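Just so you know, the sequences run in chain order R and D.
Take the first sequence: its letters are residues 1 to 265, numbered as in the numbering used here.
Take the second sequence: its letters are residues 266 to 519, numbered as in the numbering used here.
Everything on this sheet refers to the single structure shown next.
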Amino acid sequence: MSDIVFTNVARNFRRDGKEFPALRDINLSVRDKEFLAIVGPSGCGKTTCLRMAAGLEFPTSGTVAVGGVRVTRPGPDRAVVFQQFALFPWKTVAENIGFGLVANGVAAAERARRVADVLKLMNLAGYESAFPHQLSGGMQQRVAIARAYVLDPQVLLMDEPFGALDAQTRVVMQEELVRLARVNPRTVLFITHAVEEAVYLADRVVVMSRRPGTIREIIDVASVRAADSWDRFEKIEDVMDQASFVHLRTHIWRLLREQQAPDDH
Amino acid sequence: MSRRTVVGIATLLAVAGLWYLLTAATGWVGSARFPNPAEFGTAVKQIVTGGYAGARIHEHVLQSCKLVAMGFLVAVSVGLPLGLLMGWNRRAEALINPVFLIIRPIPPLAWIPLAIVWLGLGDGAKIMVIFFAAFVPSVINTHAGIRNIEPFLIEAARMLGVRGPRFVFGVLLPAAAPLIFTGLRLSLQASWTTLVAAELVGALLGLGYVLNAAAQDIFPAMILTGMVFVALSGAASTWLLGRLEQRVTRWRTA
Ligand SMILES: Nc1ncnc2c1ncn2[C@@H]1O[C@H](COP(=O)(O)OP(=O)(O)O)[C@@H](O)[C@H]1O
Ligand SMILES: [Mg+2]
């Protein structure tokens, strides 16, 4: 059981000596093996939510628990794909991907096998001995994703993982992620500001309000996906053509649009 | 040959030509003040084959290199861990920094009298003086190097479960390597600067001693010879350090 439960979470930050609330009243549970996406205007606290689940940040009040255990520190059971990739520039692609396995005492032979598998999966074969700075942004991002996948974590925390990809690669990665989620389901907390991506990938989509971030609405996509059997399509554009998809997408767009407007009441 | 090399060689030739012009050719600068090329050649030959100030050049150079190496290595093996500790641990920083702030502004050569009182005129005193000079840049730059590591790199390592020595040697040190090496270069420079000064005070062997003896003999050609060998030794050690840096940070040029 690896659910992520936010209970009455609030988080304040200090800026210029003044404390301000970044997140308020967050009550959310990402169910075991559920794919949950968070969308919201920038600065609404999406990354902060993810960091709290990762154990890199802590609530000012309330609790965050993963698998029923309160989160106190980061660990390889909750793999993070960072928005800035956070690759080690002095390590090769293969070393970056294998580092977590080395640190967790995985034997060399198994390590090599798992790294090779994930290299192939991420379409990085042939680049194992390149250094990150020799790769395009999109490839670096794939290495960052590979580094998280290879740990085979129960919980995957992804902060705008496809942000730096070009449109074609992005689509391939999205389809790949959906395929992976079917084959090997795990709990995913996925942050994005691409509404279509969220609807295509997620079981539920959380729409957040402007700062201080609160949960505006939670949209159930999984039931619509099942009812309209989106899974019969292999290509994302076929899913995106469905009236049910368009409907959800437009609904979320409207919610987000409301968040952009300055609220003067 | 690259354009840079050509320009470099041309400049050196021009300086040599000017030297010849001002000394041997016109006599505008007399031998008592600065040697001409021929006198310099003779002095080099003398110290290389016959010896000067009690020993031949390779013995002087070896002695100086030995002292620099010892002082530098001791300084680095204390300075680097200390900088690491201060960069990583705020409490250690708060504890050590005040002491460091007091020691830092003391010119390294001001340690000479104390070193002599403690350790006499032997190698120990000189190593101590070099240590104090070389220690400071190592600590400061390692400290800054650790401090300037992108926080998300440290977070990524913690997320992956990297801990203990693997975290120090696999993450902290490589991430700080560029600044650490800047510190090492400055330390090495400081080591040579202080070595010559330390040997000027009291020594029976070494390049500083050659300089001192040549000054007392009023022997400008030998003074120049001593200076040239200090420069060559310093350049050689800097080159070695550069090679090490290149090896360690190979990824940057890959
Ligand atoms: N460590 C921090 N110190 C101060 N303010 C922070 C810190 N982290 C985030 N914030 C602020 O909190 C708000 C939410 O940030 P973030 O979670 O990164 O938003 P998002 O990912 O939705 O764009 C922003 O206003 C941001 O500037
Ligand atoms: Mg963010």
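We put the CB at the ideal spot given by N, CA and C, even for glycine.
Because the structure is a prediction, the values reported are computed rather than measured.
- Beta-bridge analysis with DSSP links PHE58(R) to no other residue.
- Annotation note: the stretch 356-396 of chain D contains the following uninterrupted alpha helix (DSSP H) runs of length 4 or greater, listed N- to C-terminal: 377-384.
- Distances from the alpha-carbon of ARG450(D) to those of LYS310(D), VAL364(D), PHE400(D), VAL313(D) put PHE400(D) closest.
- ALA398(D) and LEU347(D) have their C-alpha atoms roughly 15 Å apart.
- Checking the 8 Å criterion, the Cβ of SER29(R) is out of range of every heavy atom belonging to ligand 2.
- Using a C-beta cut-off of 8 Å, the stretch 367-379 of chain D makes no contact with the stretch 432-440 of chain D, since fewer than three inter-stretch Cβ pairs fall below that distance.
- Boundaries around LYS331(D) are those of the alpha helix (DSSP H), 322-353, since no beta strand (DSSP E) includes it.
- With the rule of 3 Cβ pairs closer than 8 Å, the stretch 415-425 of chain D counts as touching the stretch 85-95 of chain R.
- The alpha helix (DSSP H) runs of length 4 or more contained entirely in the stretch 85-139 of chain R are, from start to end of the chain, 93-103, 108-121.
- The C-beta of GLU510(D) comes no closer than 9 Å to any C-beta of chain R.
- The C-beta distance from LEU189(R) to LEU36(R) rounds to 6 Å, short enough to fall under 8 Å.
- When rounded, the separation of the alpha-carbon atoms in ALA167(R) and PRO443(D) is 36 Å.
- Residue pairing by DSSP puts ALA79(R) in a beta bridge opposite LEU156(R).
- One finds PRO89, TRP90, PHE131 in chain R with Cβ atoms closer than 7 Å to the Cβ of TRP516(D), taken in chain order.
- For VAL188(R), no CB of chain D lies under 9 Å from its own CB, so it is not counted at the interface with that chain.
- For the C-beta of GLN154(R), not a single chain D residue is nearer than 7 Å; the gap to the nearest is close to 14 Å.
- Counting along the chain, MET208(R) sits inside the beta strand (DSSP E) bounded by residues 204-208.
- A residue is called buried when at least 16 other Cβ atoms come within 10 angstroms of its Cβ; THR407(D) meets this threshold and is buried.
- The beta carbon of ALA227(R) sits closer than 8 Å to those of SER244, all from its chain and outside the five residues before and after it, given in chain order.
- For ARG11(R), DSSP records a beta bridge to LEU23(R).
- Take PRO185(R), set aside five residues on each side of it, and the residues of its chain with a beta-carbon closer than 6 Å to its own are LYS33, in chain order.
- When distances are taken from the beta-carbon of ILE215(R) to the heavy atoms of ligand 1, even the shortest one reaches 8 Å or more.
- The alpha-carbon of GLY385(D) is positioned some 20 Å away from that of ALA478(D).
- Here SER29(R) carries a strand assignment [DSSP, helix/strand/coil].
- Contact between VAL39(R) and ILE252(R) holds: their C-beta atoms lie close to 7 Å from each other, under 8 Å.
- Against chain D, a Cβ distance below 7 Å from GLY100(R) picks out LEU425, GLY426.
- Here LYS235(R) carries a coil assignment [DSSP, helix/strand/coil].
- Assignment of ALA65(R) by DSSP, reduced to helix, strand and coil, places it in the strand class.
- Checking the DSSP bridge columns, you'll see GLU217(R) partnered with VAL207(R).
- A Cβ-Cβ distance of about 30 Å is found for the pair ARG179(R) and CYS44(R), leaving them out of contact under the 8 Å criterion.
- Among the residues facing chain R, GLY352(D) is not included, as its CB has no counterpart in that chain under 9 Å away.
- If the five residues before and after ILE219(R) are omitted, its C-beta is found closer than 6 Å to the C-beta atoms of VAL205, all from its own chain and listed in chain order.
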